[in-house]
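Okay, structure first, notes after.
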Amino acid sequence: MEYRTSSAARLLAAIALVVATLGVVVVVAAALDGDSSPHHERKNQQAHKEGKRQRTKAKTYTVQTGDTLTAIAHRTGVPIAEILALNPEVDPQILIAGQTLKLR
C-alpha cells in the first residue's frame, strides 16, 4: 500500500502543536503569576493596613489561660522579639496564667 502524505496536513499538525504549546505556557504563566495582579496587590495592602494593630499604651500584660506569645503580640501590637527582650526570664513555650509581661 502506498501512503499519500499531504503537505497541508503536515502544516496543520505543526500549527496545532505550536498552538497547544502556547496554550500550556499561557496557563502555567497565569497560574504562577495569578496573585500579583494590581487589583489583588491593592487588596493585600489594604488588608495589611487594616490588620496592623496600633501598639498598646499599657506597660504590662497579664497572661490569660490559653494565651500564646504570638496572640499576645498581635493583641498588643508589640513584636514578639521585643516582648522576649523585655522579659528574658519568660519561656515563650510555657506561659503561665496570671504571669505579668513587660511591654515597654
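Using my numbering, read the sequence shown as starting at 5 and increasing by one per residue.
Ideal Cβ positions, reconstructed from N, Cα and C, are used throughout, including at glycine.
In the structure shown, what three-state DSSP assignment does Gly102 receive? Numbered from its first residue, the sequence shown carries residue 102 at position 98. Looking at Gly102 - three-state DSSP - the assignment turns out to be coil, as it is neither helix nor strand.
Roughly how far, in whole angstroms, is the beta-carbon of Ala75 from the beta-carbon of Ile84, given that I think they are within contact range, below 8 Å? Counting from one through the sequence shown, the residue named residue 75 turns up at place 71. Counting from one through the sequence shown, the residue named residue 84 turns up at place 80. About 10 Å; that fails the 8 Å criterion.
Report buried or exposed for Leu99, applying the criterion of at least 16 other Cβ atoms within 10 angstroms of its Cβ. For this step, residue 99 is matched to residue 95 along the sequence shown. So Leu99 counts as buried.
Roughly how many angstroms separate the alpha carbons of Thr104 and Val30, rounded to a whole number? By 1-based counting over the sequence shown, the position of residue 104 is 100. By 1-based counting over the sequence shown, the position of residue 30 is 26. The C-alpha of Thr104 lies about 56 Å from the C-alpha of Val30.
Tell me where the beta strand (DSSP E) around Thr69 begins and ends. In the sequence shown, residue 69 corresponds to position 65, counting from 1. Careful: Thr69 lies outside any beta strand (DSSP E) and carries neither H nor E.
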